[in-house]
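To keep things clear, I will list the structure first and then write my remarks on it.
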Amino acid sequence: MKNHQTQVRVRYSETDQMGVVYHGNYIPYFEIGRVEWLRNKGISYKSMEESGIGLPIVSMQINYKKSARYDELLTIHTTFKSQSSVKIEFDCAIYNEANELLTTAVFILVFISLKTGRPTAPPDYILELFKTLV
24 MKNHQTQVRV RYSETDQMGV VYHGNYIPYF EIGRVEWLRN KGISYKSMEE
74 SGIGLPIVSM QINYKKSARY DELLTIHTTF KSQSSVKIEF DCAIYNEANE
124 LLTTAVFILV FISLKTGRPT APPDYILELF KTLV
């Protein structure tokens, strides 16, 4: 339950003239992974925002190992790592169709009140989810 996988096919617009994915395009891939991790746990990011809670990234570390290429089907692995009072941390990885590891990342996000822009405790329904992941 800590892990989730989702897939994305590399689009032409995400690559350079050699068909290699531009390094900045990995960040949206990882975002897709985190949003789908939440959705898989019954949490809609959209609903969370509508209730006044945001979850911005405050730290990310990305390690590029091998290039993704145009039209490859990528598998994004998202793993819940830890949660503290207002922070949540994920380990992430992207694999190609040959199951070769392309990229790894660690993301730390902070729950904030969209009204004040200040850190806030996660909603109760998310705290309940965290209890099942420990």
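Heads up: the sequence shown begins at 24 in the working numbering, then just goes up one per residue.
Note that CB positions come from ideal geometry on N, CA and C, so glycine has one too.
Reference residue i; option with closest CA among the options
i, options, result
"lysine 110", "Pro142, Thr155, Ser67", "Pro142"
"threonine 98", "Leu124, Glu73, Ser105, Asp147", "Leu124"
"proline 51", "Ala121, Pro146, Cys115, Thr155", "Cys115"
"phenylalanine 113", "Gly56, Gly75, Pro145, Thr29", "Gly56"
"serine 108", "Ser90, Lys69, Thr102, Ala144", "Ala144"
"lysine 88", "Ile117, Arg34, His100", "Ile117"
"glutamate 73", "Lys25, Pro146, Thr155", "Pro146"
"histidine 100", "His46, Leu61, Lys69", "Leu61"
"serine 90", "Tyr35, Gln40, His46", "His46"
Other residues of its chain near residue i: CB distance less than 7 Å, five sequence neighbours each side excluded
i, result
"asparagine 63", "His27"
"glutamate 1", "For residue 1 there is no data in the structure shown, the boundaries of the chain being 24 and 157."
"phenylalanine 153", "Gln106"
"lysine 25", "Thr102, Phe103, Leu156"
"tyrosine 35", "Tyr93"
"aspartate 39", "Tyr45"
"asparagine 122", "none"
"valine 33", "Val44, Ala91, Arg92, Tyr93, Asp94, Glu95, Leu97"
CB contact flag (residue i, residue j, <8 Å)
i, j, result
"valine 43", "arginine 92", "yes"
"threonine 139", "isoleucine 85", "no"
"glycine 75", "leucine 150", "no"
"glutamate 54", "threonine 29", "no"
Contacting residues, own chain, Cβ-Cβ under 6 Å from residue i (five flanking each side not counted)
i, result
"glutamate 37", "Val44, Asn48"
8 Å CB neighbourhood of residue i in its chain, flanking five on each side removed
i, result
"tyrosine 148", "Ile66"
"tyrosine 68", "Val58, Leu61, Arg62, Leu78"
Integer-rounded CB distance, given that residue j should sit under 8 Å from residue i
i, j, result
"alanine 128", "methionine 71", "Contact doesn't hold; Cβ gap of about 22 Å is too wide."
Stretch pair the stretch 130 to 137 + the stretch 79 to 91: three plus CB contacts closer than 8 Å: yes
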